[in-house]
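This report refers to the structure that appears directly beneath it.
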Ligand code: NDP
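In the numbering used here, the protein residues as written are 5 to 251.
Here it is as structure tokens:
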């Protein structure tokens, strides 16, 4: 088992990619904190984790609210005594062309995706520094590397996560804390299931591996970054995109 008895906090862990990361980590021996705005679905995911024989805690946590995030981390320390892994997965989109994008659309996406990531990293950094160990993984996007029509807010938030990751990696390296980002491309989720066949065909033409990724593909890279196998890797962004973006 790659994560035996590690404690992992996964934001937006109730469903989608976050849920896949939670289940993958639990199968590798980790106890999981499912932190999400939707407590009911978070509790359901926590029950699924307990079925695998691991401990789970569902927390109602809006990552934009630092007081709630700090309170959540204190609850984790009370229950488990430590936090080994943070996965910043909570994220939203509010797409619009820049000429039409409202202040509210810009602020909402930057607040959840970028400020939320900052809030969670800040809240776990003190216990991780004390422990002299930690793994911080933030879910960015290939849109943060290449930009996209109608996604100025999302692209800026994800590019911000990549720069934040490099800074955190430098600041915390001396305390044995690794910080890396994962940049998924097009992943089979509820969002991509709704796209028309025509749009899907165009997307596939741009992907050298000619298929969409799965939440499990993203979870496997997170598992590697959370495990000791990646102990000499920090400050990096790993794309999981079937070859769409090549450095
Ligand atoms: P989902 O919308 O399926 O899941 C996101 C989860 O985050 C939901 O449970 C959502 O709750 C929760 N959430 C939203 N806002 C907050 C908040 N303020 N605080 C805490 N939790 C919150 O998204 P995906 O699984 O598709 O995406 C997960 C991550 O991967 C995101 O960061 C996304 O940007 C990134 N990504 C996804 C890609 C894809 O193809 N799907 C591609 C590239 C990157 P609720 O539903 O109740 O709002």
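Even glycine gets a Cβ: it sits at the ideal position worked out from N, Cα and C.
The structure presented is a predicted model; accordingly, all values stated were derived computationally and were not measured.
Mapping the DSSP letters down to three states, classify residue i as helix, strand or coil.
i	result
residue 212	coil
residue 6	coil
residue 45	helix
residue 40	strand
residue 55	helix
residue 199	coil
residue 220	helix
residue 191	strand
residue 161	helix
residue 106	coil
residue 144	coil
residue 251	coil
residue 172	helix
residue 120	helix
residue 67	coil
Would you say residue i touches ligand 1, meaning its beta carbon is less than 7 Å from a heavy atom?
i	result
residue 248	no
residue 74	no
residue 211	no
residue 65	yes
residue 93	yes
residue 21	yes
residue 108	no
residue 171	no
residue 18	yes
residue 40	yes
residue 190	yes
residue 120	yes
residue 116	yes
residue 44	no
residue 196	yes
residue 200	no
residue 242	no
residue 166	no
residue 53	no
residue 141	no
residue 193	yes
residue 15	yes
residue 102	no
Just curious, the alpha helix (DSSP H) that residue i is in, first and last residue?
i	result
residue 233	It is not in any alpha helix (DSSP H) - residue 233 carries neither H nor E in the DSSP assignment.
residue 28	20-31
residue 149	147-150
Give me whichever residues DSSP pairs with residue i in a beta bridge.
i	result
residue 155	100
residue 3	This structure does not reach residue 3, given that the chain is present from 5 up to 251, and the question cannot be answered.
residue 35	11
Just reading off the beta strand (DSSP E) that residue i is part of, what are its end residues?
i	result
residue 72	Premise fails: residue 72 lies in the alpha helix (DSSP H), 70-84, not in any beta strand (DSSP E).
residue 89	89-92
residue 186	181-188
residue 64	60-64
residue 12	11-15
residue 242	241-244
### Task
Would you be able to state if there are at least three C-beta pairs under 8 Å between the stretch 145-158 and the stretch 81-88?
no
### Query
Okay, do the stretch 25-34 and the stretch 95-111 touch, 3+ Cβ pairs below 8 Å being the bar?
no
### Query
With a cut-off of 8 Å, do at least 3 Cβ pairs link the stretch 40-53 to the stretch 233-248?
no
### Touching by the beta-carbon criterion (3+ pairs, under 8 Å), the stretch 121-141 and the stretch 167-185
yes
### Query
Pairing CB atoms from the stretch 160-171 with CB atoms from the stretch 111-121, are three or more of them under 8 Å?
yes
### Query
If you pair each beta-carbon of the stretch 152-165 with each one of the stretch 206-218, do three or more pairs fall below 8 Å?
no
### Message
For the stretch 220-234 against the stretch 8-23, do three or more pairs of beta-carbon atoms, one drawn from each stretch, fall closer than 8 Å, so that the two count as touching?
### Response
yes
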